[in-house]
Amino acid sequence: MTLWLPDAFRVAPSLEGIRCTSKPQPKTALLINPFYPKDPHASFGKHVLTPSLALTSVAATTPADWEVAYWDENLLLGPPPTDPLPEVVGITVHLTFAERAYDLARFYRKQGAKVVLGGLHVMSCPDECSPHGDAIVIGDGVQVWGKLLGDVSDGTLQAVYHGDFRKPYRDDPSPRRDLLPDKNYLTTASLIATRGCHSRCDFCYLSTDNLHMPYQTRDVKQIVREFEATEQPYGVFTDNNLGSRKDYLRELCVGLRSIEKIWSAAVSLDVTDEPSLVREMALAGCTGVFVGFESLQNDNIVGARKRSPATDDYAHRVKIFHDNGIQVNGSFVFGFDHDDASVFARTVDWIEANRLECATFHILTPYPGTPLFTQMQADNRLLHTDWSKYDTAQVVFRPKRMTAEELMRGYQWCYEHLFSHASIWRRRPTDVRSVLPYLAMSYLYKRSNRIWYQVIRHQMTAIAWRPLVEWTRRRHLRFRKRLLQRVATVNSPGNVVSAGV
Ligand code: B12
Ligand code: SF4
């Protein structure tokens, strides 16, 4: 089935014919999040749910005598600004949009700006990225951005800067969320409290060669202050795994409880080792979790070296979240070596049986620099290294127990099936009071890509969504009161905001 994908979500804005008449304006910097093509199987709403913190974090260390601006090409606002021409253009680079980042770099360098490249792809493939920028930053940009701009002013810009993720994370300033176009996102309260993860799955970017990212936490009071300052009812924790240190998560929940906002976060399933912690999360405003289940087969989990409860315990763990009114957005990966063509129907059946409110599917993707990539390369299983296709929606390697075509078709079938009316209905919450909000979420968020396109294009995201989010927050506050009073049985409140990125 061919799904609807408008050009604006398929191709980046053209840079052809844009000429800049002014010279680079000294001490001005522009930070760009490049365009990437959208997967029509998933909700377009996902891309305006909440911004990445990469550039706002870096922006926070801009020297006081510099001006800094932010541009996200995925907001469909046209080509990035050139008037006045910034002295420095900083671009974040991921493998899926590396080519677009290089196009932007070429364009701005031609106009006379200095281009700095940073981000995950620079970390894993510095040699590839280096020729495209005047400087590259490997690792933490927060550590080096201020110095780098000083070097530009002094005429001593270096080709390579290194930012060490082992430096104390607590010392980082708050991200510059004030630079974000507030009306274009569902929430600008992207939050981050921790860095790293207690696990190191073979396929995860955290396992990239030479990446040393110990698990670190930020000051709870600072996180709470930042969340409050956003004046947004709903926040999204962008942490890789907010649940790696349960004592810290508990402390964070105590801090968040008083501000009466709602939030979602990615956590590993082992937070449910302590059901009382899950309850604390709910009482602190957690309405949804994004959980990397990855696979329902233990041999795949062990093969990927993921620390996880046994798969036959997954259902029980999901129930712990549901019992505390927390929606579960499950993430599943297809194409592991023990997966055959039966994996798709089995996974969808399980999702329905356990009434997961939402799920995201990914085709196994070996990111460069990870053990998975090294292994696939050694086994000659990679089909190509066209990074633009390494977006977890396309098959880039030879699977073991099915063909690449079967894997692709199975992945598409799962999305089509999950967003069908029948599946949405089958996964409705058991509590009748929650059915309507659940249906609203499923239809408005997941089945309304044509509406999302119009909403995004006309910069209506905040206006259209925030009243619904505020309604959810109020429902959640009422639910919290009941949860506090309750001893054993809990009814889920249902939410209309997504259960995580
Ligand atoms: C928010 C988010 C999103 C948002 C916004 C994405 C966007 N590009 O605008 C949404 C929901 C839309 C999204 C979608 C997807 N995402 Co996403 N996302 C994230 C998430 C949760 C948080 C990003 C963040 O804020 N990080 C915190 C910042 C501070 O860290 P950072 O980005 O590494 O930046 C630091 C350095 O790298 C460096 N730096 C970065 N940029 C720059 C630029 C300059 C100039 C300098 C000097 C330094 C610098 O300094 C920063 C401060 O230390 C991350 C997980 C994570 N915790 O990072 C996944 C993550 C980035 N996403 C990922 C993926 C796979 C996707 C999808 C492909 C998933 C899918 N199939 O739909 C899509 C496609 C989007 C795309 N092509 O980019 C992967 C990327 C893996 C990889 N190796 O590339 C990650 C790492 C998740 C994971 N654990 O696998 N995503
Ligand atoms: S649990 Fe998640 S964040 Fe942690 S290493 Fe595995 S995939 Fe990465």
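In the UniProt record's numbering, the protein residues as written are 1 to 501. Virtual Cβ for every residue (Gly too), placed ideally from N, Cα, C.
- For PRO86, the secondary structure class from DSSP, reduced to helix, strand or coil, is strand.
- A Cβ-Cβ contact shorter than 9 angstroms links PHE203 with VAL333.
- DSSP places LEU444 within a helical segment (H, G or I) once states are collapsed to three.
- A Cβ-Cβ distance of about 13 angstroms is found for the pair SER190 and ALA60, leaving them out of contact under the 8 angstroms criterion.
- Fully contained in the region 47 to 124 are the following alpha helix (DSSP H) runs of length 4 or more, in chain order: 54 to 59, 98 to 111, 120 to 124.
- For GLY330, no alpha helix (DSSP H) run applies; the uninterrupted beta strand (DSSP E) run containing it begins and ends at 327 to 334, by DSSP.
- Look at GLU294 here: in three-state DSSP terms it is strand.
- Between GLU87 and the set GLY78, LEU30, PRO131, GLU73, the nearest pair of CA atoms involves LEU30.
- Separation of LYS38 and LEU364 (C-alpha to C-alpha, rounded to the nearest whole angstrom) is 18 angstroms.
- In this structure, VAL278 and ILE223 do not form a Cβ contact; the two beta carbons are roughly 19 angstroms apart against a cut-off of 8 angstroms.
- Beta bridge pairing from DSSP links ILE138 with HIS162.
- Shown here for THR392: same chain residues with a beta carbon closer than 6 angstroms to its own, the five before and five after excluded, namely HIS362, ILE363, THR365 in chain order.
- Taking all protein chains shown into account, VAL302 has fewer than 16 neighbouring C-beta atoms within 10 Å of its C-beta and is therefore exposed.
- In the pairwise beta carbon analysis, the region 61 to 74 is classified as not touching the region 472 to 479: fewer than three pairs are separated by under 8 angstroms.
- The three-state secondary structure of GLY235, taken from DSSP, is strand.
- THR194 is positioned such that its CB atom lies closer than 9 angstroms to that of ARG218.
- The alpha-carbon of ASP154 is positioned some 58 angstroms away from that of THR347.
- With a cut-off of 8 angstroms, the C-beta of HIS212 is classified as distant from ligand 2, since no heavy atom of the ligand falls inside that distance.
- The set of residues whose C-beta lies within less than 6 angstroms of a heavy atom of ligand 2 reads, in chain order, CYS197, SER199, ARG200, CYS201, CYS204, LEU206, ASN240, ASN241, SER268, GLY292, LYS306.
- Setting aside the 5 residues that flank it on each side, GLN459 is surrounded in the same chain by LYS183, ASN184, each with a C-beta closer than 7 angstroms to its C-beta; the list follows chain order.
- 9 angstroms or more divides the Cβ of ILE138 from the Cβ of VAL116.
- By the neighbour-count criterion, in which 16 or more other beta carbons inside 10 Å mark a residue as buried, ASP172 falls on the buried side.
- Boundaries of the beta strand (DSSP E) around PRO26: 25 to 33.
- Measuring C-alpha to C-alpha distances from ILE262 to each of ASP299, THR230, VAL160 identifies THR230 as the nearest.
- Cβ contact annotation for GLY330 (same chain, cutoff 6 angstroms, sequence separation greater than five): VAL291, PHE293, LEU356, ALA359, in chain order.
- Residue state for THR472 is assigned as helix, using DSSP reduced to three classes.
- The closest CA to that of CYS414, considering only PRO275, TRP350, ASP178, PRO371, is found on TRP350.
- Boundaries of the alpha helix (DSSP H) harbouring SER276: 275 to 283, taken from the DSSP string.
- One alpha carbon belongs to TYR314, the other to ARG257, and they sit about 28 angstroms apart.
- The nearest non-hydrogen atom of ligand 1 is less than 8 angstroms from the C-beta of TYR36.
- In this structure, the beta-carbon distance from SER130 to SER448 does not fall below 9 angstroms.
- The beta-carbon separation of GLU352 and SER423, rounded to 6 angstroms, stays under the 8 angstroms limit for a contact.
- For HIS212, no beta strand (DSSP E) encloses it, and the DSSP letter there is neither H nor E.
- Annotation for ASN33 indicates a beta carbon within 8 angstroms of some heavy atom of ligand 1.
- Where THR347 is concerned, the enclosing alpha helix (DSSP H) starts and stops at 343 to 353.
- For THR360, the uninterrupted beta strand (DSSP E) segment begins and ends at 358 to 363.
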